[in-house]
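Single-structure report; data block below.
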Amino acid sequence: MSSFYSKTNLPSNEDIQNTFKDFKDNQIISCIVYFEKRKRSRCHIYSYPYQLKHYDNITNNFRDGLFKYVCEVSLYDEHPFEHEFFLRVTQSFPLLETLTVINEQRQNNKRFRKSENENEDLLIVKYLHLIQLNLREAHKDYHEQFLFDTKTCVPNDVHIRMNYRLAKK
């Protein structure tokens, strides 16, 4: 479930948890994100284990977990997605078939491709079941990451949508 609120009318995670205190068997997860540029907020609320087949508008402050039923994911943020974030996504969504990336921000660490711990190399991000990748609203850095980066592994038969003008540059 997702809802938009203005920043002044935004509930706290504690408020949200208290709303669902009578739910017995399910853990309620909530995540609130404020988008400065749009002056909007998004609140994700769901019960865990999550049993839907899609999860929309995941941001950088996505709360990890295992989402074994989800096969379609969309990512959106005003801050860049870095390599470690994509690794978390593939670990949390092992059956991911469709991925949409909506992010116009340039990646900060793309040139370095080193872990935050400078002594260790990055792990390879593997999309084992991916069949559709939508990069139409993504910065060119994400095109490069999915198509040319040696630290990202995408199957050969993936249907890719992207902005031709960006890909041509």
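The numbering of the sequence shown is the working numbering, which starts it at 35 and goes up by one. By construction, the Cβ of each residue, glycine as well, lies at the ideal position given by its N, Cα and C atoms.
Alpha-carbon to alpha-carbon, residue j and residue i
i	j	result
Cys105	Asn52	30 Å
Asn153	Thr93	Its pLDDT being 48, under 50, Asn153 is placed unreliably in this model, and the coordinates cannot settle the point.
Lys73	Lys174	25 Å
Ile158	Phe115	15 Å
Tyr103	Tyr84	8 Å
Val188	Leu164	7 Å
Asp56	Leu156	43 Å
Asp49	Val123	27 Å
Cys126	Asp111	For the sequence presented, residue 126 should be read as Ser rather than Cys. Taking the straight line joining both Cα atoms gives about 18 Å.
Ser108	Pro45	24 Å
Counted within 10 angstroms of its Cβ, other Cβ atoms place residue i as buried (16 or more) or exposed
i	result
Gln141	buried
Gln61	exposed
Thr184	exposed
Gln179	buried
Asn137	buried
Ser64	buried
His206	With the chain running from 35 to 203 in the structure shown, residue 206 is simply not present.
His88	exposed
Phe182	exposed
Asp2	A question about residue 2 goes unanswered here, because the residues of the chain that appear run from 35 up to 203.
Identified DSSP bridge partners for residue i
i	result
Ile194	Leu167
His177	BP columns for His177 are empty, so no partner.
Enclosing alpha helix (DSSP H) for residue i [first to last residue]
i	result
Arg122	117-126
Ile50	47-53
Start-to-end residues for the beta strand (DSSP E) that takes in residue i
i	result
His78	74-82
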